[in-house]
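Data first, discussion second: the structure below is written as structure tokens.
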């Protein structure tokens, strides 16, 4: 598989992106096209002949982290993220990875590659840690104003991702809500509950934020606003707990000693909570594989994002989602399909 | 102050509620009216003469934890929660506390006591821990489908609570969102952002879930659906982290030793994360003080909820909110007030 990597995207680009690419080529035997300022990229590569599996595609522009996505989409036709997505569109690459401006990466991927037939809105599938196995949260921030049918489609896409890439058999799907009963929730989730119940998904009903992190289901469905808030609460709370821990130990000798022992004995939990392990989150529902990574991605995170991109492309995730959506929308009652078409 | 306590509400009622009442009377010198099955309550009290500061009000019904709030409201006129709220309505008590069925406690409080003039929807103000000081999250679950003006009113009510009960000077207010810029968010928050900006609140803009737990603001405003999800994610994640920690240490001698030291040295962090410390969350926007406590409340949590009820009543929180809402709705432009009236 040939993966186009936005070499200029991310807080420490291109140093980190180039390093991640080299590690991925070495570990997974894939091919990476580094898209960005050729001079800077080649300098990071150490000059001389390109390593095997690495190609470079020069671009003259880049999208800043705080740039308006719509402006980037209109004006930056030769930016590293735009050209990387174009490579997928033209068939020169099988997938794209970017740790740059998230909004721009999403907007450009959606605009250039287009939606899969039957999909109304794209959704980001973020893989998150739980007390048991990791789970997929969809949508983690692509579509902030949702209608019920969007949540049904997120359920289908998340389920395809969990089975295809995470290897879950008949993934369980839960709807993020505020109580287990069907009648609990807001207007959006009450309607979505019915659609999900009527679908062929392995839908287990509403699930609360509490159960999510205990690993109750494989896929958690929600709108992109709440999903993004949830994602950031997760990050924030882990940071806050670590900070509280540090404050407390600085005032207590016993605590200090304990912390030292724990640090030595607990690499597992750090690994579990480490976002870099999961690499990046795919933008699902578009015609192609596009992986969105955290702006603070390390080389390891980039490497893992490239692995996810490779995996998704090799296993034909896009085709599988297309089939799943086709079936789900065919099964859904005509009223719903009508609503979808009218509002699209 | 005389506080009506729903003695039958909560997973371990009336044992825990009676114990909490006795501790509160002892610690804060307030008066508690235990509302519930007199025989059961007196048995918990050990029989004989009632302790000073304790009264008992017999009721023949109770609302089960899984009962429909609307059914409880219509049919259970002599339930412990209903009679406790009635006591506030009739002026026989200054506040009510319930750890029973949350939906029923909210519905009955709102129906019996009514809304403060100018308030469209009530909001639950939950006090949550952060790496710095605790903050107020409003709405934590009372109003799951919100319009922008509701979020403005939550901001006013949360601000009044933070200044009156938590003693914060000119509390900072943040809008829970997915990015700091004014243009980021969903339809609801983008409109609410404008209303909050135009108000006299100390509004600092959008705040992300990440910053919330770092203690960036005194008051976090959001709709009741997302607020409830956020609350439960918080609980769930803390539990999941504790579980992960336990799994890891059971496989490592160093980890086990470390955990022992940490346990000894870290009472502070446990206290900070302990919901019982905060007791209960007031339902704001209604004509009276009603404190909603967790169904799993311990005696300590009940005691602290009674303290919050006492404090809120003594400091005339309801009157202060009424004045704050009056001012804010007067300041808001006529279009907004119009929308409010039409949809009410």
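Chains as they are written, first to last, in the working numbering: chain A, 27 to 370; chain B, 27 to 370.
Cβ coordinates follow ideal geometry from the N, Cα and C atoms, glycine included.
Tell me the DSSP secondary structure of residue 308(B) in three-state form.
Residue state, collapsed to three classes: strand.
Looking only at DSSP bridge pairs, what is residue 371(A) linked to?
Nothing about residue 371(A) can be reported from this structure: the residues present for chain A run from 27 to 370 only.
Quick check on residue 369(B): does DSSP put it in helix, strand or coil?
Caution is warranted here: a pLDDT of 33 is assigned to residue 369(B), below 50, making its placement in the model unreliable, and no coordinate value can be reported.
Please classify residue 176(A): is it buried, with 16 or more other beta-carbons within 10 angstroms of its beta-carbon, or exposed?
Buried: at least 16 other Cβ atoms inside 10 Å.
Using a C-beta to C-beta distance shorter than 9 angstroms, which residues of chain B count as neighbours of residue 240(A)?
Residues of chain B passing the Cβ test: 262, 265, 266, 269.
If you follow the beta strand (DSSP E) that residue 30(A) is part of, which residue opens it and which one closes it?
Per DSSP, residue 30(A) belongs to the beta strand (DSSP E) from 28-32.
Beta-carbon contacts of residue 333(A) that lie in its chain and below 6 angstroms, excluding the five residues immediately before and after
Excluding positions up to five away in sequence, the list reads 54.
Between which residues of its own chain and residue 360(B) is the CB-CB distance below 8 angstroms, once the five residues before and five after are set aside?
Reliability of the predicted coordinates at residue 360(B) is poor, the pLDDT of 49 falling under 50, and no value is obtained from them.
Min CB distance residue 220(A) to chain B below 8 angstroms
It does not; no Cβ of chain B falls within 8 angstroms.
Along chain B, which residues have their Cβ under 9 angstroms away from the Cβ of residue 235(A)?
In chain order: 254, 255, 256, 257, 258, 259, 260, 261, 262, 263.
Cβ shell of residue 124(B) (< 6 angstroms), same chain only, five flanking positions each side left out
Same-chain partners within the cutoff: 32, 35, 107, 131.
Since residue 202(A) sits in a beta bridge, which residues does DSSP pair it with?
233(A).
I'd like to confirm the pairing. Which residues does DSSP put opposite residue 60(B) in its beta bridges?
Under DSSP, residue 60(B) shares a beta bridge with 31(B), 82(B).
Can residue 98(B) and residue 259(A) be called in contact, C-beta distance under 8 angstroms?
No, the pair does not count as a contact, with Cβ atoms beyond the cut-off.
Scan the region 146-180 of chain B for residues whose Cβ lies nearer than 7 angstroms to a Cβ of chain A and list them as they occur along the chain.
So the list reads 156, 157, 167, 170, 171, given in the order they occur along the chain.
Let me confirm a value: residue 195(A) is counted as buried when at least 16 other C-beta atoms fall within 10 Å, else exposed. Which label applies?
Residue 195(A) comes out exposed.
Between the CA atoms of residue 347(B) and residue 304(A) - distance to the nearest angstrom:
Roughly 46 angstroms between the two C-alpha positions.
Does the distance from the CB of residue 149(B) to the CB of residue 164(B) come in under 8 angstroms?
When the beta-carbon positions are compared, residue 149(B) and residue 164(B) come within less than 8 angstroms of each other.
Option in 116(B), 86(B), 45(B) with minimal Cα separation from residue 28(B)
The shortest C-alpha separation from residue 28(B) is found at 116(B).
Listed in chain order, which residues of the region 200-214 of chain A have Cβ atoms closer than 8 angstroms to some Cβ of chain B?
Listed in sequence order: 202, 203, 204, 211, 212, 213.
Determine the extent of the beta strand (DSSP E) in which residue 319(A) is found, giving its start and end residues.
First-last of the beta strand (DSSP E) with residue 319(A): 315-319.
For residue 103(B), count neighbouring Cβ atoms within 10 angstroms of its own Cβ and tell me buried if that reaches 16, exposed if not.
Answer is exposed; the Cβ neighbour count stays below 16.
At a threshold of 7 angstroms, does residue 91(B) count as lining the ligand SAM (C-beta to nearest heavy atom)?
Absent from the structure shown: the ligand SAM. Ligands present: none.
Determine, using beta carbons only, whether residue 136(B) comes closer than 8 angstroms to chain A.
Taking Cβ atoms only, chain A never reaches closer than 8 angstroms to residue 136(B), which makes this a no.
Please compile the residues from chain A whose C-beta is within a distance smaller than 9 angstroms of the C-beta of residue 251(B).
Chain A residues near residue 251(B): 203, 204, 211, 212, 214, 215, 252.
Coarse secondary structure for residue 117(A), derived from DSSP in three states:
Assigned with DSSP and collapsed to three states, residue 117(A) falls in coil, not helix or strand.
Which listed residue (43(A), 94(A), 262(A), 93(A)) has its alpha carbon closest to that of residue 82(A)
Ranked by Cα distance from residue 82(A), the first of 43(A), 94(A), 262(A), 93(A) is 43(A).
From 170(A), 326(A), 200(A), 160(A), pick the residue whose C-alpha is nearest to that of residue 219(A); which is it?
The candidate whose alpha carbon is nearest that of residue 219(A) is 200(A).
Whole-angstrom distance between residue 238(A) and residue 57(B), CA atom to CA atom
Here the alpha carbon of residue 57(B) sits roughly 41 angstroms from the alpha carbon of residue 238(A).
Indicate whether residue 191(A) and residue 338(A) have their beta-carbon atoms separated by less than 8 angstroms.
With respect to residue 338(A), residue 191(A) sits close: the two C-beta atoms are nearer than 8 angstroms.
I'd like to know whether the C-beta atoms of residue 246(A) and residue 197(A) end up nearer to each other than 8 angstroms.
Contact: no.
Separation of residue 152(A) from residue 212(A), as counted between CA atoms
One C-alpha to the other measures close to 23 angstroms.
Simplified DSSP assignment, three categories, for residue 402(B)
Outside the shown range of chain B, which is 27 to 370, sits residue 402(B), and nothing can be said about it.
Can you tell which of 208(B), 89(B), 47(B), 73(B) has its C-alpha closest to the C-alpha of residue 80(B)?
Taking only the C-alpha atoms, the option nearest residue 80(B) is 47(B).
In terms of residues, what are the limits of the beta strand (DSSP E) holding residue 89(A)?
Careful: residue 89(A) lies outside any beta strand (DSSP E) and carries neither H nor E.
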